[in-house]
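Enquirer:
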Amino acid sequence: MDRIVAVLDEDTALGFRLSGVEARKADTVEELQERIGQLFNEKDVRLVIVDEEMVRRLPEKLERRIEHSTAPLFLPIPTVKMWRGAIRPEEYAARLIRRAIGYQIKIRR
Amino acid sequence: MMQKASPTRMNLLILKARVGSVRKGLDLLRSKREALVREFFSTMDTVITSRDFLRRMMDGAMNSLSIALGLDGRAVVQSAAFATHRDIPFELAEKNIWGVKFPEIRYPSVIRSADARGYAVPSVSGYANTAARDFERVLDQILKIISVEMRLKKIGEEIKKTTRRINALTEIIVPDLQVQIRTIRFALEEREREEIFRMKRFKEKHAAY
Chain A
177 MDRIVAVLDE
187 DTALGFRLSG
197 VEARKADTVE
207 ELQERIGQLF
217 NEKDVRLVIV
227 DEEMVRRLPE
237 KLERRIEHST
247 APLFLPIPTV
257 KMWRGAIRPE
267 EYAARLIRRA
277 IGYQIKIRR
Chain B
2 MMQKASPTRM
12 NLLILKARVG
22 SVRKGLDLLR
32 SKREALVREF
42 FSTMDTVITS
52 RDFLRRMMDG
62 AMNSLSIALG
72 LDGRAVVQSA
82 AFATHRDIPF
92 ELAEKNIWGV
102 KFPEIRYPSV
112 IRSADARGYA
122 VPSVSGYANT
132 AARDFERVLD
142 QILKIISVEM
152 RLKKIGEEIK
162 KTTRRINALT
172 EIIVPDLQVQ
182 IRTIRFALEE
192 REREEIFRMK
202 RFKEKHAAY
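Taken in order, these protein sequences are the chains called A and B. Heads up, the first sequence is in the working numbering, so the first residue is 177 and it goes up one at a time. Heads up, the second sequence is in the working numbering, so the first residue is 2 and it goes up one at a time.
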């Protein structure tokens, strides 16, 4: 059966475990890199929830691999560590758009 | 680079017809790009709204978790988390719109009642229960977001691909065909002038006899 795995810091991972999802702890970028490497070899994992701020700090090559990967699919989410300096949804969408169409656009709401 | 056609009237007609069909193709590609851009911006709005909602839900869920950790202690929350594990039977299917394939996620409701979470309800405090419920809501929102974000990415890729095709046609193919048409036209005109000159010479020679 296809599985959902969350790779997040200790507290957020605990929260996701409470919701019934398998969650693995990754408090540093190095740990996240290691976990992602393992997940690429686990064929039944179809969806991976990761910390969007940590993904930004990954090496460019791995970040691109994550963005284009369809098996598993990676979904970066905002987490508690960046409580104050969280990326605004507009910024996240603008980055997604720049990757998708190759243009930097400014979103005003 | 395109192969050079020999300067004949037949080739001139063929090339003119080809330019015509390339222009029609260009119009179609431009309309496709326009439709995709419209779709792209409407999807973008949904992505921003859903992201905003997810962030607020995540804030709420983390608040609930902090309260549960503070009042019940980590060990109690962790033991509740062990009991809640389950398999979520979701399905990733592909949907085809205008020849663009989008992944679509199908899943049953992930929000459970307290007694369906796997732990003995009396042994777990209301705080841990609230945290579990809030994280289930976050998970539900995540599953909703995936399809929309993947759709935005795919539409973006398709816009990029269509723009590349339009550029190739307008910058390379059409100018190249026009150069070939001009070359053939010049060659044919030159041949015609030679023919007239030759006929005149022939007429002059003929008149001299």
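Glycine included, C-beta positions come from ideal geometry on N, C-alpha and C.
Of all Cβ atoms in chain B, is any one closer than 8 Å to the Cβ of ASP227 of chain A?
Expert: no
Enquirer: Does any residue of chain B bring its CB to less than 8 Å from the CB of MET258 of chain A?
Expert: With a pLDDT of 43 at MET258 of chain A, under the threshold of 50, the modelled position of this residue cannot be trusted; read the value that follows with caution. It does not; no Cβ of chain B falls within 8 Å.
Enquirer: Return the CA-CA distance between ARG52 of chain B and LEU272 of chain A, expressed in angstroms with no decimal places.
Expert: 12 Å
Enquirer: On the criterion of 16 or more Cβ atoms from any shown chain inside 10 Å, does THR246 of chain A qualify as buried, or is it exposed?
Expert: exposed
Enquirer: Under 8 Å, do ILE167 of chain B and LEU37 of chain B count as touching if we go by C-beta distance?
Expert: no
Enquirer: Return the chain-ordered ranges of every alpha helix (DSSP H) run that is complete within the region 217-282 of chain A and spans a minimum of 4 residues.
Expert: 228-232, 236-244, 265-277
Enquirer: Less than 8 Å between CB atoms is the rule here; does PHE198 of chain B satisfy it with respect to chain A?
Expert: With 8 Å as the cut-off, PHE198 of chain B does not count as an interface residue toward chain A.
Enquirer: What is the residue span of the alpha helix (DSSP H) that LYS5 of chain B lies within?
Expert: First-last for LYS5 of chain B: undefined, no H or E at that position.
Enquirer: Kindly indicate which residue of B:LYS162, B:ARG57, B:LYS201, B:LEU189 has the alpha-carbon position closest to the one of ASN12 of chain B.
Expert: B:LEU189
Enquirer: Going by C-alpha to C-alpha distance, which of A:LEU223, A:GLU198, A:ASP185 sits closest to ILE106 of chain B?
Expert: Closest by alpha carbon: A:LEU223.
Enquirer: Quick check on PHE220 of chain A: buried or exposed, where buried means 16 or more other Cβ atoms within 10 Å of its Cβ?
Expert: Note that residue 220 of chain A is Asp in the sequence shown here, rather than Phe. Exposed.
Enquirer: Chain A partners of SER88 of chain B, CB-CB under 7 Å?
Expert: Before going on, a small fix: residue 88 of chain B reads as Asp here, not Ser. Those within 7 Å of ASP88 of chain B in chain A are MET177.
Enquirer: Helix, strand or coil for ARG166 of chain B per DSSP?
Expert: Secondary structure of ARG166 of chain B (DSSP, three-state): helix.
Enquirer: Output the distance between the C-alpha atoms of LYS282 of chain A and ALA270 of chain A, rounded to the nearest integer angstrom.
Expert: 7 Å
Enquirer: To the nearest whole angstrom, what separates the beta carbons of PHE192 of chain A and ALA202 of chain A, a pair I think is in contact under 8 Å?
Expert: Contact between PHE192 of chain A and ALA202 of chain A fails: their C-beta atoms lie close to 12 Å from each other, not under 8 Å.
Enquirer: Where does VAL181 of chain A fall in DSSP's three states?
Expert: strand
Enquirer: Since ILE89 of chain B and ILE180 of chain A should fall inside the 8 Å C-beta cutoff, what is the C-beta to C-beta distance between them, to a whole number of angstroms?
Expert: 6 Å
Enquirer: What do you get for VAL280 of chain A, buried or exposed, if any count of 16 or more other CB atoms within 10 angstroms of its CB means buried?
Expert: According to the sequence shown, residue 280 of chain A is Gln rather than Val. Residue burial is scored here from C-beta neighbours: GLN280 of chain A has fewer than 16 other C-beta atoms within 10 angstroms and is therefore classed as exposed.
Enquirer: Is it the case that the CB of ARG183 of chain B approaches a heavy atom of the ligand GTP more closely than 7 Å?
Expert: By its list of ligands, the structure shown contains no ligand whatsoever, and the ligand GTP lies outside what it can speak to.
Enquirer: For a quick check, are the C-beta atoms of PHE103 of chain B and GLU92 of chain B less than 8 Å apart?
Expert: no
Enquirer: How would you write the range of the alpha helix (DSSP H) that PRO176 of chain B sits in, first residue to last?
Expert: 175-209
Enquirer: Just how far apart, CA to CA, sit MET258 of chain A and GLU218 of chain A?
Expert: With a pLDDT of 43 at MET258 of chain A, under the threshold of 50, the modelled position of that residue is not reliable, and the figure given next carries that caveat. Roughly 29 Å between the two C-alpha positions.
Enquirer: So, with DSSP's three-state summary, where would you put ALA36 of chain B?
Expert: The answer is helix: DSSP assigns ALA36 of chain B an H, G or I state.
Enquirer: Tell me, please, whether the CB atom of THR171 of chain B is closer than 8 Å to any CB atom in chain A?
Expert: no
Enquirer: Quick check on ARG260 of chain A: buried or exposed, where buried means 16 or more other Cβ atoms within 10 Å of its Cβ?
Expert: Any reading at ARG260 of chain A is ruled out, since the residue's pLDDT is 49, under 50, leaving its predicted position unreliable.
Enquirer: Over what stretch of residues does the beta strand (DSSP E) that includes ARG107 of chain B continue unbroken?
Expert: Counted as a single uninterrupted DSSP element, the beta strand (DSSP E) harbouring ARG107 of chain B occupies residues 101-107.
Enquirer: Please check if any C-beta of chain A sits within less than 8 Å of the C-beta of LYS33 of chain B.
Expert: no
Enquirer: Going by DSSP, name the residue or residues bridged to LYS201 of chain A.
Expert: A:LEU184
Enquirer: Looking at the secondary structure, which residues open and close the alpha helix (DSSP H) in which VAL122 of chain B lies?
Expert: Counting along the chain, VAL122 of chain B falls outside any alpha helix (DSSP H), and DSSP gives it neither H nor E.
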